[in-house]
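Every number in our numbering is 95 more than the matching position in the sequence shown, counting from 1.
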Amino acid sequence: MATEGGGKEMNEIKTQFTTREGLYKLLPHSEYSRPNRVPFNSQGSNPVRVSFVNLNDQSGNGDRLCFNVGRELYFYIYKGVRKAADLSKPIDKRIYKGTQPTCHDFNHLTATAESVSLLVGFSAGQVQLIDPIKKETSKLFNEEVKSL
């Protein structure tokens, strides 16, 4: 049923609406499946770092992505900017209790499809060498500073 005077049609599809409970909003899959949505905190920000590595594997998905959110570190297959990564299925996820990751980088020279070295720096000064594919911790440097 159309209204007179150029009003909107009744069959319009809404992407958001408000109720007593709050605002409901249609979200894209990549934003909806984002792990542990961290609320915005204007007093102190949690730095997010992203590292990439290409493993040159035969499947065609050789790119890997590592990023940190707060005290959590995630490792995923990266399929490019046109195809969203499935954020509900990380290859490796680590949660640290004592300190938080502030930086990380892959060793591009030794990276293979079976193993990759990731160096992670923490807010209290520790440095950890891990392999997110094998899901093992190789070395922890400066561990006398504080425990992870």
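Positions of the beta carbon are idealized from the N, C-alpha and C atoms, including for glycine.
Neighbourhood of residue i by C-beta, 6 Å cutoff - its chain only, sequence neighbours within 5 removed
| i | result |
| --- | --- |
| SER218 | THR194, GLN195, THR197 |
Nonlocal neighbours in the same chain, by C-beta distance under 7 Å from residue i, ignoring five residues either side
| i | result |
| --- | --- |
| GLY157 | ASN149, LEU150, ASN151 |
| SER137 | The predicted position of SER137 is uncertain, since its pLDDT is 45 and thus under 50; a value taken from the coordinates is nonetheless stated next. Here the set comprises nothing. |
| LYS229 | SER210 |
| THR205 | SER212 |
| PHE112 | TYR119 |
Buried or exposed (CB count within 10 angstroms, at least 16 for buried), residue i
| i | result |
| --- | --- |
| HIS199 | buried |
| LEU213 | buried |
| ARG115 | exposed |
| VAL215 | buried |
| PHE201 | buried |
| ARG177 | exposed |
| PRO185 | buried |
| GLN153 | exposed |
CB-CB length for residue i against residue j, believed under 8 Å
| i | j | result |
| --- | --- | --- |
| TYR173 | PHE147 | 7 Å |
| PRO227 | ASP181 | With a Cβ gap of about 16 Å, PRO227 and ASP181 do not count as contacting. |
Same chain only: Cβ atoms within 8 Å of residue i, ignoring 5 sequence neighbours per side
| i | result |
| --- | --- |
| THR110 | LYS120, LEU121 |
| ARG144 | PHE162, ASN163, PRO196, THR197, CYS198, HIS199 |
| LYS234 | GLN223, LEU224 |
N-terminal and C-terminal residue of the beta strand (DSSP E) that residue i is part of
| i | result |
| --- | --- |
| THR197 | 196-201 |
| GLY216 | 213-217 |
| LYS120 | 118-120 |
| THR113 | 111-113 |
| SER210 | That residue, SER210, is in no beta strand (DSSP E); it is neither H nor E in DSSP. |
| ILE225 | 222-226 |
| THR232 | 231-236 |
Closer than 8 Å to chain C by CB, residue i
| i | result |
| --- | --- |
| ASN202 | The structure shown contains no chain C; it holds only a single protein chain. |
Quiz item: Is there contact between the stretch 156-174 and the stretch 115-123, where contact requires at least three CB pairs shorter than 8 Å?
Solution: Put simply, the stretch 156-174 does not touch the stretch 115-123. Fewer than three CB pairs are less than 8 Å apart.
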